[in-house]
Amino acid sequence: MKLSNWRRTSQIVFLLIFILLFLLTRYPYSHGIVTEIGLRFSPLAPLFLFVKDVHLHWILWPGILILLITPFLGRVFCGWMCPLGTLLDLTSKLIKSPNNRKTRSFEKWRSAKFALLVGLLITAFFSVHLWGYFDPLSIFNRALTIVFYPVFTYLTENTLLAVSNISFLGDIPYALYDQYKNIVMPEAQAHYQQLFWIALFIGLILAAEKLSRRFWCRYLCPAGALLGFLSQFRFLERVVRPTCPACGLCHTDCKMGAIPADDFSRNSKVECIQCFACADSCPEKYKSVSYQWQWTPYHTRVDYSRRQFLGTTVASLTALSLIGLHLPDKTHKDQQIRPPGSLAEDDFRDRCIRCMECVRVCASNGACLQPSGIQSAIDDLWLPVAEMRVGYCEYECNLCGQVCPTEAILPLPLKVKQKTPMGLAHFDKNLCIPYARNEECLVCEEHCPTPDKAIKFDVRVYQDPNTGKTRKVKYPYVVKELCIGCGICVTKCPLEGRAGIFVTAEQQRRPKLTNSF
Amino acid sequence: MKRRQFIRSVSAGALGIGFLPLLKHPLFAAQLPRPQAVWVENGEPEELLSRALKEYGGLQRFIKKGDEVVVKPNIGWDRPPELAATTNPQLVGAIVRACFKAGAKKVKVFDRTCNNPRRCYRSSQIEEYAKRAGAKVEQIRRNRFKPLKINGRVIDQWPIYSEYLTADKVINVPIAKHHSLARVTLGLKNLMGVMGDNRGLIHNNFEEKLTDIDGKILPTLTIIDAYRILTANGPVGGNPKDVKLTKTLILSDCTVSADYLALSLFGLTLDDVPHIKRAYEKGLAKYNRKNLIVRKIRLG
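If you read the sequences in order, they're chains A and B. Numbering of the first sequence is given in the numbering used here, commencing with residue 138 and proceeding in unit increments. Numbering of the second sequence is given in the numbering used here, commencing with residue 47 and proceeding in unit increments.
And the structure:
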């Protein structure tokens, strides 16, 4: 089989693996598969976490593996593995990207991805970690979790339901719907905040294919920049035999525009992603392109100058100042409830790559985790935050810590998690029915999952001032020592608008990283 | 002649006495007052059930051949069976089998849970046992609630799960538990598992609202699972110390009567539990509690 067919197969296989791993990230999570391993293949993770902790994190061995093979084989990750790259290839086929002769004007933006990588490294050096927003694997998983899968399930479930309601079709459509719910979509339809912005983000990346093929990979991807930088002396070289008639077909068709217009026998090792499509586009009667291992490889320069580096540094320091000078808001901080097992806020923000694995697995359990919006700091964006009015933290669940690829959320054993407060509940006595109306309720107390209930109540006699009649009313209160801030009281409060009870970050306990993996 | 007469009368008398034990025979059972409720204790769930059904005249008294039966256990919480938050799964399985044996064509098992539904169905093991017994175990589908006209004191209408309403027969299988607001949760409270909409609102003026709705959706049969009961921190529980192994089962075709009998498990009187008292006041009970005919059996 042709090398490019091996590559196409590899791309499809890895895309399907990523999607399968995504689907398996759900309750009961008893298959024994480490579904977040896909995200650990990112070459950026070992680098940035090294900058943070000054040691190698062996749990990220897939990413380290990619970094090790790239100096020899080149950007095979980009061409053979990356699901975002595969998605872009499929998109460009669909929307018919222009070929390289039409996209010459974009070539000056090649350095942008190096500038972005360097900018992210500089800010990371100053303890601001924004690289997760631009990590291609995180982008793919985020788009899958928040945009693609919910849209797919919304359309599919409702179509199947509508069809099964057509009575003359009998029982078969409902059986189909049942099987679909059991195998593909066991959880309820997911609704996420920040849907618009995350959809816009991935939408722009995909739409950019209309400007040129693999626009993101060529001009923006910091992982591509890092791998490109490592590929400068790649041993697996593209070799062009003298039979080449210099027709320029390979230059026109190259996905990455890596073959220069003035010399079709060379290609940029920094840009080439080893897709072998050039060997295919070389016409049958010449077949001049092949790939060979060369022990004395030639060097390709990285398209990033010293002046550009200086510009990046200035821009990064400016960005750092803008981020650092934001108004710290205690109210917002108090409302940001993180998943149980999350590291202390600074470490948590540094490690979290905003990949949405925890949000995804929570959807089939308590369904409280949501991508956060910007509240007071830019890097609030898309961190997992618990919205207790929407869902709560299931008492018997500890899956979020198990699926976090960078251990921003530590996997807590269930018994430990059940004793680790993520916050504290407080009654809003202006709204809570017993306090506001002197009538009975206690839905919150009913649902409180701690074996010794963290909501207790006083029984007091209330006299109605209008009728003079007395009645006994149970007035609930939170027992601070027992409450773990799971939020089921907030979710189940029967008030139609705001709940009569809310959870703050008070008394949350965050585990300390004793030994880094 | 006197001797023959004597022998005849003595033989007749002996025969008559010999037939006395037959009075207990089912043929003569019609002469004994049929129990309105049965209380069986000191056995495993399957034994308790089969004895209770036997004493009550068998499940075929209620289930005709070809019936579609809904068995409504308490699957409400993400807890294992030993913590007595959900109905005993072996009992549910035994009831499903008994339904098929009585001639049911289809048996459905479902409940609108409080915790995540897939977690509850799995942790309680009810899905496993019910499926094994041949029941169709379904998750609640949001679009299958139909508004039911209640015309009660305070409730005008309320959405009820359509599969419950369209079933031929319904068997309500609660687990007996402590409950802070309701004091105890038994058969009447268990029916909340087929109610749609914002159920939490029913807590506000609970006795009135619950009895309003229950009055329109009373089941064919209520079987109270008191194999294990939750004596404190209900209805969720979580502390094994709050679980009492009472190995009991209460059966009646009158839900209110079954609930009334179950009060003794908790040492409560009717005045302690307003919602059951209100149920009597509103006429939801089939039988008078003053002269309720209860057959009480202790196995083994």
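Every residue, glycine too, gets a C-beta built ideally from N, C-alpha and C.
Check                                                                                                                             : Outcome
Chain-ordered residues of the segment 240-272 of chain B with a beta carbon less than 9 angstroms from chain A                    : Asn244, Arg245, Gly246, Leu247, Ile248, His249, Asn250, Asn251 and Phe252
Per DSSP, cross-strand counterpart(s) of B:Asn218                                                                                 : B:Lys118 and B:Thr268
Interface residues of the segment 207-229 of chain B facing chain A [CB-CB below 8 angstroms]                                     : His225, Ser226 and Leu227
Contact set for A:Phe654: own chain, Cβ-Cβ below 8 angstroms, skip 5 residues either direction                                    : Residue placement at A:Phe654 is flagged as unreliable, the pLDDT there being 49, under the threshold of 50; a coordinate-derived value is accordingly withheld.
Rounded Cβ spacing between A:Leu579 and A:Pro613 (contact assumed at less than 8 angstroms)                                       : 6 angstroms
CB of B:Thr266 within 9 angstroms of CB of B:Phe108, strictly                                                                     : yes
Interfacial residues, the segment 184-204 of chain B to chain A, with Cβ spacing under 9 angstroms                                : Glu184, Gln185, Arg187, Arg188 and Asn189
Buried/exposed call for A:Ile232, threshold 16 Cβ in 10 Å                                                                         : exposed
Nearest-angstrom Cα separation, counted from B:Val115 out to B:Tyr210                                                             : 9 angstroms
Within chain A, partners of B:Pro281 - CB distance below 8 angstroms                                                              : Glu583
Contact between the segment 128-142 of chain B and the segment 175-184 of chain B (3+ Cβ pairs under 8 angstroms)                 : yes
Beta-carbon proximity list for A:Gly96, same chain, < 7 angstroms, skipping 5 on both sides                                       : An answer regarding residue 96 of chain A cannot be provided, because it is not within the stretch 138 to 654 covered by chain A.
Residue burial classification, B:Asn161 (beta-carbon count within 10 angstroms, cutoff 16)                                        : buried
With 16 other Cβ atoms within 10 Å as the buried cut-off, status of A:Leu137                                                      : Past the edges of chain A, shown from 138 to 654, lies residue 137 of chain A, and the structure says nothing about it.
Per DSSP, cross-strand counterpart(s) of B:Ile206                                                                                 : B:Lys192 and B:Met241
Any 3 or more C-beta pairs closer than 8 angstroms across the segment 247-260 of chain B and the segment 324-344 of chain B       : yes
Runs of alpha helix (DSSP H) wholly within the segment 193-232 of chain A (minimum 4 residues, chain order)                       : 198-210 and 220-232
Counted within 10 angstroms of its Cβ, other Cβ atoms place A:Glu618 as buried (16 or more) or exposed                            : exposed
Residue-level contact to chain A via CB, B:Pro120, 9 angstroms cutoff                                                             : Going by the sequence as given, residue 120 of chain B is Asn instead of Pro. Not one chain A Cβ lies under 9 angstroms of B:Asn120.
CB of B:Lys182 within 9 angstroms of CB of B:Lys152, strictly                                                                     : yes
Test: B:Asp124 CB closer than 9 angstroms to a CB of chain A                                                                      : yes
Nearest-angstrom Cα separation, counted from A:His584 out to A:Lys629                                                             : 8 angstroms
First and last residue of the uninterrupted alpha helix (DSSP H) at A:Leu158                                                      : Leu140 to Leu161
When A:Leu518, A:Val553, A:Leu292 and A:Gln411 are compared against A:Pro477, the one with the closest alpha-carbon               : A:Val553
Three-state secondary structure (DSSP) of B:Lys100                                                                                : helix
Residues that A:Asn502 contacts on chain B, provided the C-beta gap is smaller than 8 angstroms                                   : Asn162 and Arg165
Option in A:Ser304, A:Leu227, A:Gly365 and A:Ser264 with minimal Cα separation from A:Lys250                                      : A:Gly365
Integer Cβ distance of B:Asn218 from B:Thr268, believed to fall under 8 angstroms                                                 : 4 angstroms
Contained beta strand (DSSP E) runs [length at least 3] in the segment 497-584 of chain A, N- to C-terminal order                 : 506-508, 521-523 and 561-564
Where A:Thr587 meets chain B, residues with beta-carbon distance less than 7 angstroms                                            : Gly284
Helix, strand or coil at A:Val596 [DSSP, three-state]                                                                             : strand
CB contact check: A:Tyr572 to chain B, cutoff 9 angstroms                                                                         : no
Neighbourhood of A:Ser513 by C-beta distance below 7 angstroms, restricted to the same chain and skipping five residues each side : His463, Leu464, Pro465, Asp466 and His469
Contacts that A:Tyr164 makes with chain B (C-beta to C-beta distance below 8 angstroms)                                           : Asn162, Arg164 and Arg165
Closest by C-alpha distance to A:Asp226, when choosing among A:Ile410, A:Arg444, A:Tyr423 and A:Asn567                            : A:Ile410
Secondary structure, alpha helix (DSSP H): runs of 4+ residues fully inside the segment 128-188 of chain B                        : 135-147, 163-169 and 172-178
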